[in-house]
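Peer 1:
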Amino acid sequence: MRVGRGQILNSQHMTDWTVARLDRDTLLSLGKALEPLPAATLATLAEIERLSGLDDYVELDVREEIITPILRALGYRKESMFSVEREVPLRIAGKLLKPDYSLTLWEEDFWIVEAKRPSATKGKFGYAELRQAFEYAVHPEINAALLVLCDGHAIEVFDREHDLELPILRVERANLVRDFDQLRALLSPFQVWFFQKRRILRLTDKVFDREFNIARINEFEGLLRRRLGSKTQRVVENMRAVAKSHAPDAMAAEIRALDPASVIEVYLPLETSWLVMEAMTANLIAHCTPDPFRILYQIFPDHPRVVTDAYMSNSLHFLMRLEAQSITLNWTPAWLGQSKAGNRATVAIECLIRHCLTSFASAPDWQVVLLHAAAVRRLAKIVTILSPDADQAARLSHLRQRYFGDELCFSQQTSSPGGHALHALDNIVRLASQRFIDDHRDEQGSLRVESARHALRVTWQEEIRVLEAVPYYPKLLRERDLGELHPTESANVQYDNLGHGALCVIDRFPKWKAHILAYFRPELDRMVEFGSWQARAWLDVDASAGPLASEALRGERFFFGDGTMPARLASLYHP
């Protein structure tokens, strides 16, 4: 399909033109619905429509009276996430170039606009006008696919990677209000953001439509998966950076508004306040109607995924609220009692509680992933304490918050170098856990448990080796307190962090607390031995004493039966 001058693409045609060969689901995942325009913005566009006497305008007039208001209507503001840069100097073979406008998203250039004198072009752009814009667009500092020409009479948008003969969109000023949504569908910030992602798919088509070795595709798929996986930490950091506010109630409101995948991947693995935990659960339950299967499978897949002790506590809270709302579950995984009779939610809750209070002894694939996450966090904390670079990064993050953050916001009140260091530990655990699972997953997706256990034993030996090489580490640790509620070096060495977290959640649900007291007494007694103050409070046991579990018991629970390992680590962390 080709579009001639004077024609305007409707939204469906524009999508086909820009992202040909993509299926519906991909289009939906790489696009964004437009929000209604405010009345004030529509009034501004109407004023531009009514302009007359354009033949007397110079380029500067076109910029100030037409282009700048349109860019603001599209969502761009100077010194914002979606900013406007004017006349950025560029050099090509010694020649200085200055595009009229360079539009940026998060400080990266994505498209350009060139203003033209109305009397010279009269709404018709030719080679000379397009050539100048093209030179700007292909510069490495810009690398924009979209170039826009505007002389006040008309706006034309070109996709230089698709067609330089005809624009993909032309909007006449006389029809600006009517057709502005089509302009927004291409040039508003998030539309440009998704367009950039579609460029990647388009380049993939161009390259691999000519591939002749199937193994090359498989190899490239692996490379791309690893590259995207390496971006997880950056994405999480970006997500936190763009949050509008960090006050507890505002943060909870933001979490309730997130897509469930973000809640599951970003927040569920973290230790949070009760308010945030409730917000996470509210979000996930809201997406459980009419069928909760999709949410359940993301949280509780058949085979292990990236999890932490906190992930299991937060997930238990979700199941309990789900049961309380009488939402029917038509599916649960085998490891949560799929084959057992009774209400699925109730059965799943009881199974998850038993798993948490026994360190997943009956689900060894999940157990090894959880124990690996704890070991990685301990190692990462050692590096954080020992490394000046890690310490400096945390301090710089804290200073940035102090310098740039709103002084009245909650995050300003709670910011500390230790807190930023702990955020870094969360990211390291997430990345390392995904790599660990990928390395030990078979072709059917199951975890090769013995292989994973062997790798974890190697990790424990490395942890011991590092601690033995730095015998003064405990002193450094005391000097550099990160402010953890549950110290990383004790979790799953002396202290059962997983079981304790589950008990803290159960404590808020009287029905389940009574059930545990009645039917899980041996597990509760064991949690008392592992130092859970929650278990001790329930059973009226002195909470001031430390963990009482024997080395053999700790070895059985945390180290695959090796009673020497917890003793060795405990002596190195707490000599």
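So the number in this note's numbering is just where the residue sits in the sequence shown, counting from 1, plus 27. Each residue gets a CB set at the ideal place from its N, CA and C atoms; glycine is no exception.
At which residues does the alpha helix (DSSP H) containing Ala570 begin and terminate?
Peer 2: Along the sequence shown, read from residue 1 onward, the residue named residue 570 stands at position 543. That residue, Ala570, is in no alpha helix (DSSP H); it is neither H nor E in DSSP.
Peer 1: If you run the structure through DSSP and keep just helix, strand and coil, what is Arg584?
Peer 2: Within the sequence shown, numbered from 1, the residue matching residue 584 stands at position 557. Three-state result, Arg584: helix.
Peer 1: Starting from Val234 and walking both ways along the alpha helix (DSSP H), at which residues does that stretch end?
Peer 2: Taking the sequence shown and counting its residues from 1, one reaches residue 234 at position 207. 216 to 235 is the span of the alpha helix (DSSP H), which, as asked, contains Val234.
Peer 1: So Pro96 and Ile119 are in contact, right, with Cβ under 8 Å, and what is the actual spacing, rounded?
Peer 2: Reading the sequence shown from its first residue, position 69 is the one you call residue 96. Reading the sequence shown from its first residue, position 92 is the one you call residue 119. Approximately 31 Å separates the beta-carbon atoms of Pro96 and Ile119; this is outside 8 Å, ruling out the contact.
Peer 1: State the DSSP-derived secondary structure class of Arg144, mapped to helix, strand or coil.
Peer 2: Taking the sequence shown and counting its residues from 1, the one referred to as residue 144 is at position 117. Coil at Arg144, not helix or strand.
Peer 1: Per DSSP, which one or two residues make a beta bridge with Tyr18?
Peer 2: No statement about residue 18 is possible, as the shown extent of the chain runs from 28 to 602 and does not include it.
Peer 1: Do Met347 and Ile376 count as a contact pair if the criterion is CB distance below 8 Å?
Peer 2: Here residue 376 corresponds to residue number 349 of the sequence shown, with the count starting at 1. Here residue 347 corresponds to residue number 320 of the sequence shown, with the count starting at 1. Yes; because the gap between Cβ atoms is below 8 Å, this pair is in contact.
Peer 1: Output needed for Ala597: all residues of its chain with C-beta closer than 7 Å, excluding positions within five of it in sequence on either side, in chain order.
Peer 2: Residue 597 sits at position 570 when you count from the first residue of the sequence shown. If we look at Ala597 and ignore the five residues flanking it on each side, its Cβ neighbours are Val520, Gln521.
Peer 1: Give the straight-line distance between the Cα atoms of Ala400 and Glu477, rounded to the nearest whole angstrom.
Peer 2: By 1-based counting over the sequence shown, the position of residue 400 is 373. By 1-based counting over the sequence shown, the position of residue 477 is 450. One C-alpha to the other measures close to 17 Å.
Peer 1: Using DSSP with H/G/I as helix, E/B as strand and the rest coil, what is Asp52?
Peer 2: Sequence index remark: in the sequence shown, residue 52 carries index 25 (1-based). In this prediction, Asp52 has a pLDDT of 47, which is less than 50 and means its spatial position is unreliable; what the coordinates show is noted afterwards. Helix at Asp52.
Peer 1: Starting from Lys367, trace the alpha helix (DSSP H) in both directions and tell me its first and last residue.
Peer 2: Taking the first residue of the sequence shown as 1, we reach residue 367 at position 340. No alpha helix (DSSP H) contains Lys367, which DSSP labels as neither H nor E.
Peer 1: Name the residue from Thr591, Asp232, Ala201, Lys122 whose alpha carbon lies nearest to the alpha carbon of Trp487.
Peer 2: For the purposes of this step, residue 487 is taken as the residue at position 460 of the sequence shown. The shortest Cα separation from Trp487 among Thr591, Asp232, Ala201, Lys122 belongs to Thr591.
Peer 1: Between Phe137 and Val219, how many whole angstroms is the CB-CB distance? I'm expecting something under 8 Å.
Peer 2: Here the question's residue 137 lines up with position 110 in the sequence shown. Here the question's residue 219 lines up with position 192 in the sequence shown. Sure, about 5 Å apart at Cβ, within 8 Å.
Peer 1: Assuming Ile491 contacts Ile380 under a Cβ cut-off of 8 Å, what Cβ separation, rounded to an integer in Å, is found between them?
Peer 2: As a working note, residue 491 is residue 464 in the sequence shown. As a working note, residue 380 is residue 353 in the sequence shown. In fact, because the Cβ distance is near 33 Å, the residues do not count as touching under 8 Å.
Peer 1: Give the C-beta separation of Ala361 and Asp329 to the nearest angstrom, bearing in mind that I take them to be a contact with Cβ-Cβ under 8 Å.
Peer 2: In the sequence shown, the residue the question calls residue 361 occupies position 334. In the sequence shown, the residue the question calls residue 329 occupies position 302. For Ala361 against Asp329, the beta-carbon gap comes to about 7 Å, under 8 Å, which counts as contact.
Peer 1: How many Å lie between Arg595 and Phe222 at the Cα?
Peer 2: Here residue 595 refers to the residue found at position 568 of the sequence shown. Here residue 222 refers to the residue found at position 195 of the sequence shown. Roughly 55 Å between the two C-alpha positions.
Peer 1: Note down the Cα distance separating Met28 from Phe185, rounded to an integer number of angstroms.
Peer 2: Counted from its first residue, the sequence shown places residue 28 at position 1. Counted from its first residue, the sequence shown places residue 185 at position 158. Per-residue confidence for Met28 stands at a pLDDT of 29, beneath the threshold of 50, marking its modelled position as unreliable; the derived number appears in the next sentence. Distance between the alpha carbons of Met28 and Phe185 is about 15 Å.
Peer 1: Do you know offhand how far Phe247's Cα is from Ile282's?
Peer 2: Within the sequence shown, the letter at position 220 stands for residue 247. Within the sequence shown, the letter at position 255 stands for residue 282. Those two C-alpha atoms are separated by around 35 Å.
Peer 1: Got a sec, what are the start and stop residues for the beta strand (DSSP E) Arg118 sits in?
Peer 2: Within the sequence shown, the letter at position 91 stands for residue 118. Per DSSP, Arg118 belongs to the beta strand (DSSP E) from 117 to 119.
Peer 1: Give the single residue among His467, Gln471, Ser473, Glu489 whose Cα lies nearest to the Cα of Arg480.
Peer 2: Residue 480 sits at position 453 when you count from the first residue of the sequence shown. It is His467.
Peer 1: Let me check one thing: in DSSP terms, what residues is Arg332 bridge-paired to?
Peer 2: The residue you call residue 332 lines up with position 305 of the sequence shown. DSSP output for Arg332 lists no bridge partner at all.
Peer 1: For the alpha helix (DSSP H) that contains Leu494, what are its first and last residues?
Peer 2: By 1-based counting over the sequence shown, the position of residue 494 is 467. That run of the alpha helix (DSSP H) goes 476 to 496.
Peer 1: Compute the Euclidean distance between the alpha carbons of Gly510 and Ala529, then round it to the nearest angstrom.
Peer 2: Taking the sequence shown and counting its residues from 1, the one referred to as residue 510 is at position 483. Taking the sequence shown and counting its residues from 1, the one referred to as residue 529 is at position 502. Straight-line Cα distance between these residues: approximately 22 Å.
Peer 1: Are at least three pairs of beta-carbons, each pair with one atom in the region 224 to 233 and one in the region 143 to 155, less than 8 Å apart?
Peer 2: Contact between the region 224 to 233 and the region 143 to 155 is absent, with fewer than three C-beta pairs closer than 8 Å.
Peer 1: Under three-state DSSP, which class holds Val85?
Peer 2: Numbered from 1 along the sequence shown, position 58 holds the residue referred to as residue 85. Three-state DSSP puts Val85 in coil, outside helix and strand.
Peer 1: Would you mind reading off the limits of the alpha helix (DSSP H) that contains Phe185?
Peer 2: On the sequence shown, position 158 is the one that residue 185 refers to. From DSSP, Phe185 is part of no alpha helix (DSSP H) but of the beta strand (DSSP E) over 181 to 186.
Peer 1: My understanding is that Asp178 touches Pro126, with C-beta atoms under 8 Å, so please give their C-beta distance in whole angstroms.
Peer 2: The residue you call residue 178 lines up with position 151 of the sequence shown. The residue you call residue 126 lines up with position 99 of the sequence shown. Contact flag wrong, Cβ pair sits at about 16 Å.
Peer 1: Give the range of the beta strand (DSSP E) segment to which Phe109 is assigned.
Peer 2: One-based indexing of the sequence shown puts residue 109 at position 82. From DSSP, the beta strand (DSSP E) with Phe109 extends over 109 to 113.
Peer 1: Compute the Euclidean distance between the alpha carbons of His425 and His314, then round it to the nearest angstrom.
Peer 2: Reading the sequence shown from its first residue, position 398 is the one you call residue 425. Reading the sequence shown from its first residue, position 287 is the one you call residue 314. Cα-Cα distance, rounded: 35 Å.
Peer 1: Could you tell me whether the region 499 to 510 touches the region 407 to 424, where touching means 3 or more Cβ pairs closer than 8 Å?
Peer 2: yes
Peer 1: Using the Cβ count rule (16 or more neighbours within 10 Å means buried), how would you classify Tyr600?
Peer 2: Counting from 1 along the sequence shown, the entry for residue 600 is found at position 573. When all chains shown are included, Tyr600 counts as buried.
Peer 1: Which first and last residues belong to the beta strand (DSSP E) in which Lys122 is found?
Peer 2: Position 95 of the sequence shown, counting from 1, holds the residue named residue 122. In the DSSP assignment, Lys122 falls within the beta strand (DSSP E) that extends over 122 to 124.
Peer 1: Under the DSSP definition of a beta bridge, which residues are partnered with Glu199?
Peer 2: Start at 1 with the first residue of the sequence shown, and residue 199 comes out as number 172. Per DSSP, Ala181.
Peer 1: Note the first and the last residue of the continuous alpha helix (DSSP H) segment covering Asn245.
Peer 2: Taking the first residue of the sequence shown as 1, we reach residue 245 at position 218. Boundaries of the alpha helix (DSSP H) around Asn245: 241 to 256.
Peer 1: Can you tell me whether Val303 is buried or exposed, with buried defined as 16 or more other CB within 10 angstroms of its CB?
Peer 2: Position 276 of the sequence shown, counted from the start, is the residue given in the question as residue 303. Per the 10 Å Cβ criterion, buried.
Peer 1: Quick check on the DSSP output: the alpha helix (DSSP H) that includes Lys151 runs from which residue to which?
Peer 2: Counting from one through the sequence shown, the residue named residue 151 turns up at place 124. For Lys151, there is no enclosing alpha helix (DSSP H), as DSSP marks it with neither H nor E.
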